[in-house]
Amino acid sequence: LLHGRADRFIPCVQSERLRDALQGAGAPVEFTGYDGADHMWLGSPAAADDALVRTIGFLAARSGD
Numbered sequence: 049l050l051h052g053r054a055d056r057f058i059p060c061v062q063s064e065r066l067r068d069a070l071q072g073a074g075a076p077v078e079f080t081g082y083d084g085a086d087h088m089w090l091g092s093p094a095a096a097d098d099a100l101v102r103t104i105g106f107l108a109a110r111s112g113d
């Protein structure tokens, strides 16, 4: 889960709650919150870059599943 902490449209707490629920259900989950990043990483090009790298890595690791 990747979420901008300054998101004005979808509060970051929603991703934090989803993380907690997934952990509670025993599912593997990772959460990264990006300080200063708004919705769709607006205002934080570094967050956008990192989110892209993490997303590609996640998908590549599971491409053989």
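Numbering follows my numbering, in which position 54 of the sequence shown is assigned residue number 102; successive positions increment by one, without gaps.
Where is the CB? At the ideal position from N, CA and C, for every residue including glycine.
Bear in mind the structure is a predicted one, so any value in this text is a computation, not a measurement.
Going by beta carbons, Ala99 and Leu50 fall inside the 8 Å limit. In the DSSP assignment, Thr103 forms no beta bridge with any residue. The beta carbons of Gly105 and Ser92 sit no closer together than 8 Å. Gly52 sits close to Asp86, with the two beta carbons spaced by under 8 Å.
The alpha-carbon of Arg56 is positioned some 30 Å away from that of Gly74.
In the same chain as Val77, and ignoring 5 residues on each side of it, the C-beta atoms closer than 7 Å to its own belong to Leu49, Arg67, Leu70 and Gln71, in chain order.
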